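Below: the structure, in structure tokens.
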Amino acid sequence: MGGAKMSNSNCTGHRGGHGAIPFAVHVVRGRWFSLFASFLIMAGAGATYLFGTYSKEIKSSLGYDQTTLNLLGFFKDFGANVGVLSGLIDEVVPTWLVLLIGAGMNFAGYFMIWLAVTGRIAKPKVWMMCIYICVGANSQNFANTGALVTSVKNFPESRGIMIGLLKGFTGLSGAILTQVYLAVYGNDSKSLILLIAWLPAALSVVFVYTIREMKVVRQPNQLSIFYYFLFVSIALALFLMVMTILQKAVAFSQAAYAGSATVACALLFFPLLIAIKQEWLIWKQRNRPVISSPTVSIEIPVEIEPKQTSAAQSSSKKIDENQTALWYQNVFKKPKRGDDYTILQALSSTDMLVLFLATFCGLGSSLTAVDNLGQIGESLGYPTKTIKSFVSLLSIWNFFGRIFSGFVSETLLVKYKFPRTLMMTFVLLLACTGYLLIAFPFNGSVYVASIIIGFSFGAQLPLIFTIISELFGLKHYSTLFNCGQLASPLGSYILNVKVTGPLYDREALKDLARRGMTRSSVKDLTCIGTQCYRLPFIVLASITLFGALASLILVARTREFYRSDIYKKFRDAAEADDDPDMTLPTSKTATSK
2 MGGAKMSNSN
12 CTGHRGGHGA
22 IPFAVHVVRG
32 RWFSLFASFL
42 IMAGAGATYL
52 FGTYSKEIKS
62 SLGYDQTTLN
72 LLGFFKDFGA
82 NVGVLSGLID
92 EVVPTWLVLL
102 IGAGMNFAGY
112 FMIWLAVTGR
122 IAKPKVWMMC
132 IYICVGANSQ
142 NFANTGALVT
152 SVKNFPESRG
162 IMIGLLKGFT
172 GLSGAILTQV
182 YLAVYGNDSK
192 SLILLIAWLP
202 AALSVVFVYT
212 IREMKVVRQP
222 NQLSIFYYFL
232 FVSIALALFL
242 MVMTILQKAV
252 AFSQAAYAGS
262 ATVACALLFF
272 PLLIAIKQEW
282 LIWKQRNRPV
292 ISSPTVSIEI
302 PVEIEPKQTS
312 AAQSSSKKID
322 ENQTALWYQN
332 VFKKPKRGDD
342 YTILQALSST
352 DMLVLFLATF
362 CGLGSSLTAV
372 DNLGQIGESL
382 GYPTKTIKSF
392 VSLLSIWNFF
402 GRIFSGFVSE
412 TLLVKYKFPR
422 TLMMTFVLLL
432 ACTGYLLIAF
442 PFNGSVYVAS
452 IIIGFSFGAQ
462 LPLIFTIISE
472 LFGLKHYSTL
482 FNCGQLASPL
492 GSYILNVKVT
502 GPLYDREALK
512 DLARRGMTRS
522 SVKDLTCIGT
532 QCYRLPFIVL
542 ASITLFGALA
552 SLILVARTRE
562 FYRSDIYKKF
572 RDAAEADDDP
582 DMTLPTSKTA
592 TSK
């Protein structure tokens with residue numbers, strides 16, 4: 002007989018253990034549960050989008066004018082978008098520590114703001130409030146880096162879809178937190194600040210050890226699973242939109258608010274069932290028996306995770322001692338698009354500079370519009386409840402923009418080689434129409450503008466993050482995607498603090514002068530009328546149009562790149578790294594010569 006070992010009788014063996022506890026451990030350590038945990042963390046990482054809801058409380062409680070409030074808005078945007086620190090930290094420490102740092106910063110920053118607004122501490126200096134909101138907002142970068150970057154590296158061939166889903170849940174964050182705060186605290190905007198202090202931090206702490214980089218496992222039905230997650234998230238978004246409209250039209254009791262929040266939370270946790278089902282299928286396959294006989298060995302196929310691909314290995318490694326020199330070497334000798342750039346190679350490239358300019362114009366204008374939405378509604382005479390509806394609508398359509406740009410751009414790219422850079426151009430042109438609806442309002446125009454601005458704002462983020470990963474590789478993605486969004490706080494500062502705020506205050510002072518009053522005679526400088534935001538939003542529309550034209554340069558530069566198969570190297574690397582000995586037979590295999 003040959004080298005095969007014979008068995009004198011039929012025998013059955015099993016792989017792995019059985020029982021509820023081993024299966025629970027398998028689920029919690031699984032890739033799909035990690036993705037579900039990432040959904041929850043990202044759903045709590047969008048508290049900055051609620052600034053329009055509670056900013057009026059800060060303004061009235063602390064006696065700020067619009068320019069000072071816009072300065073706070075700038076530091077919020079600065080903290081939310083300057084995530085280089087979290088990216089660099091993620092290069093050298095485990096993911097769980099990144100998430101814990103973010104949780105601590107979130108609670109500390111927003112809790113101090115709540116103490117100031119409620120009068121529990123002495124009125125802070127303006128610079129102190131700027132630090133508080135900057136620290137609280139910066140915490141979301143740690144959640145982004147820990148959850149989003151890890152998930153992209155775990156699913157590298159579906160990065161557009163992955164970023165769209167994860168940023169989509171962040172887009173829903175404002176509406177979800179609004180439902181929870183109405184159920185728990187009632188119609189109290191000050192308590193909303195307390196909620197966004199403790200809830201996102203608690204989510205990061207609870208799931209801190211479940212989010213980590215894992216081996217890339219090719220799964221045939223992976224795309225269909227993502228669509229299951231998509232359908233659930235759309236159902237959640239539609240429910241939140243219906244509740245937002247109903248709560249505007251009908252007076253809800255506290256019990257009704259509680260019921261609405263319960264349904265929203267149930268839909269938010271529904272992806273857990275999908276994750277458990279997928280882990281159960283993997284669990285069953287791993288525990289199927291292997292049946293052998295004296296003459297033949299029948300092996301039932303078992304899903305075994307292949308060795309980690311070289312592409313995934315390179316993208317998941319922390320800074321290698323032998324590679325640290327590449328941070329500053331060969332800065333001007335750049336690799337071809339799609340390969341792994343060093344940090345300085347990427348930051349000094351023309352592609353990144355053009356993307357930076359488009360981001361400055363697009364996200365800078367969008368952040369300015371989002372931050373002023375509450376005051377826009379107030380200036381046009383809308384009641385407080387309606388203004389909150391604007392904010393919730395913007396949050397919900399922010400979600401639709403994110404999943405649209407993630408799923409649709411991925412589909413168009415794979416099937417038709419349609420470049421993501423060109424889709425970004427179209428999104429910026431759409432944003433211009435939303436700003437013009439604010440500049441020249443008519444009855445109901447703010448509702449439409451909220452939808453358009455929310456959709457275009459949401460669509461920009463996944464496109465920018467995915468374009469960076471595709472052009473510059475995944476090796477230093479945690480740092481590069483945070484560097485890529487640095488333009489948005491700069492744009493927000495110039496367009497919000499230096500343009501929109503002063504122009505608004507100028508119109509408010511004119512209004513006071515017409516009534517024979519001076520600035521010292523009022524505590525809260527408020528402008529009422531369609532003229533308040535007309536000129537600022539004409540400027541925003543013009544700047545965004547310029548950004549759209551600039552993005553066409555990137556379209557021309559990357560045209561040939563997007564015509565190629567940009568994910569081919571991941572598939573080739575996976576095939577090359579597959580161990581031939583791990584290939585399982587699908588038919589009877591003779592065991593003797």
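In terms of our numbering, the sequence shown is residues 2 to 594. From the three backbone atoms N, C-alpha and C, an ideal C-beta is built for every residue, glycine too. All values derive from a computational prediction rather than experimental measurement.
Considering only residues of the same chain and omitting the five flanking positions on each side of residue i, which have a CB-CB separation below 6 angstroms?
{"i": "Ile102", "result": "Phe143"}
{"i": "Ala347", "result": "Met353, Phe473 and Leu481"}
{"i": "Gln532", "result": "Glu508"}
{"i": "Arg338", "result": "Leu472 and Phe562"}
{"i": "Ala202", "result": "Ala104, Asn107 and Phe108"}
Short of 8 angstroms in beta carbon distance, which residues of its chain neighbour residue i, apart from the five on each side in sequence? Order them along the chain.
{"i": "Tyr417", "result": "none"}
{"i": "Gly20", "result": "none"}
{"i": "Leu510", "result": "Arg520 and Leu526"}
{"i": "Val523", "result": "Leu513"}
DSSP three-state label for residue i, please.
{"i": "Asp512", "result": "helix"}
{"i": "Pro420", "result": "coil"}
{"i": "Asp372", "result": "helix"}
{"i": "Ala21", "result": "helix"}
{"i": "Asp66", "result": "coil"}
{"i": "Pro336", "result": "coil"}
{"i": "Pro201", "result": "helix"}
{"i": "Thr119", "result": "coil"}
{"i": "Ile212", "result": "coil"}
{"i": "Cys528", "result": "coil"}
{"i": "His27", "result": "helix"}
{"i": "Pro221", "result": "coil"}
{"i": "Ile132", "result": "helix"}
{"i": "Lys499", "result": "helix"}
{"i": "Pro157", "result": "helix"}
{"i": "Leu464", "result": "helix"}
{"i": "Asn323", "result": "Low local confidence applies: a pLDDT of 43 at Asn323 is under 50, so the model's placement there is unreliable, with the coordinate-based value given in what follows. In the structure shown, Asn323 sits in a helix (DSSP, three-state: H, G or I)."}
{"i": "Ile567", "result": "coil"}
{"i": "Thr426", "result": "helix"}
{"i": "Phe458", "result": "helix"}
{"i": "Ala48", "result": "helix"}
{"i": "Asn444", "result": "coil"}
{"i": "Val150", "result": "helix"}
{"i": "Pro1", "result": "The requested residue 1 is not part of the displayed model; the chain covers only 2 to 594."}
{"i": "Val415", "result": "helix"}
{"i": "Asp78", "result": "helix"}
{"i": "Ala252", "result": "coil"}
{"i": "Asp341", "result": "coil"}
Within 10 Å of its beta-carbon, does residue i have 16 or more other beta-carbons around it, so buried, or fewer, so exposed?
{"i": "Glu561", "result": "exposed"}
{"i": "Met129", "result": "exposed"}
{"i": "Arg421", "result": "buried"}
{"i": "Ala312", "result": "For Ala312, the predicted structure reports a pLDDT of 40, less than 50, and the residue's modelled location is therefore unreliable. The matter cannot be settled from this model."}
{"i": "Thr351", "result": "exposed"}
{"i": "Val181", "result": "buried"}
{"i": "Asp566", "result": "exposed"}
{"i": "Thr343", "result": "buried"}
{"i": "Val99", "result": "buried"}
{"i": "Ile122", "result": "exposed"}
{"i": "Ile22", "result": "exposed"}
{"i": "Asn222", "result": "exposed"}
{"i": "Ile529", "result": "exposed"}
So, at 7 angstroms on beta carbons, what are the nonlocal neighbours of residue i in its own chain, with the 5 sequence-adjacent residues on each side left out?
{"i": "Pro503", "result": "Thr68"}
{"i": "Met163", "result": "Ser152, Val153 and Phe156"}
{"i": "Ala148", "result": "Ser39, Ile42, Met43, Leu167 and Ile212"}
{"i": "Asn60", "result": "The question names Asn, but residue 60 in the sequence shown is Lys. Once the five neighbours on either side are set aside, the close Cβ partners of Lys60 are Leu70 and Asp525."}
{"i": "Asp66", "result": "Asp506 and Leu526"}
Under the assumption that residue i contacts residue j (Cβ atoms under 8 angstroms), give the Cβ distance between them as a whole number of angstroms.
{"i": "Arg160", "j": "Thr467", "result": "6 angstroms"}
{"i": "Ile469", "j": "Leu481", "result": "6 angstroms"}
{"i": "Leu200", "j": "Ile404", "result": "Not a contact, Cβ separation roughly 23 angstroms."}
{"i": "Ile194", "j": "Ile114", "result": "6 angstroms"}
{"i": "Phe458", "j": "Ser367", "result": "4 angstroms"}
{"i": "Leu241", "j": "Ala265", "result": "6 angstroms"}
Is residue i close to chain D? Criterion is C-beta to C-beta, closer than 9 angstroms.
{"i": "Phe79", "result": "Chain labels in this structure do not include chain D; a single protein chain is all it has."}
Examine the Cβ distances between the segment 385 to 394 and the segment 511 to 525 and report whether three or more of them are shorter than 8 angstroms. No: fewer than three Cβ pairs fall under 8 angstroms.
Evaluate the contact criterion for the segment 30 to 44 versus the segment 265 to 283: three or more CB pairs, one atom per stretch, below 8 angstroms. By the Cβ criterion, the segment 30 to 44 is in contact with the segment 265 to 283, since at least three pairs of Cβ atoms, one from each stretch, lie closer than 8 angstroms.
Touching by the beta-carbon criterion (3+ pairs, under 8 angstroms), the segment 240 to 253 and the segment 63 to 83: Taking a contact to require three or more Cβ pairs closer than 8 angstroms, the segment 240 to 253 and the segment 63 to 83 do not qualify as touching.
Segment contact flag, the segment 183 to 190 with the segment 166 to 175, C-beta cutoff 8 angstroms, min 3 pairs: No, the segment 183 to 190 is not in contact with the segment 166 to 175.
Cβ pair count under 8 angstroms reaching 3, the segment 198 to 215 against the segment 373 to 380: With a cut-off of 8 angstroms, the segment 373 to 380 and the segment 198 to 215 do not count as touching, because too few Cβ pairs lie within range.
State whether the segment 479 to 495 contacts the segment 82 to 93, with contact taken as three or more CB pairs (one from each stretch) at a distance under 8 angstroms. With the cut-off at 8 angstroms, the segment 479 to 495 and the segment 82 to 93 touch.
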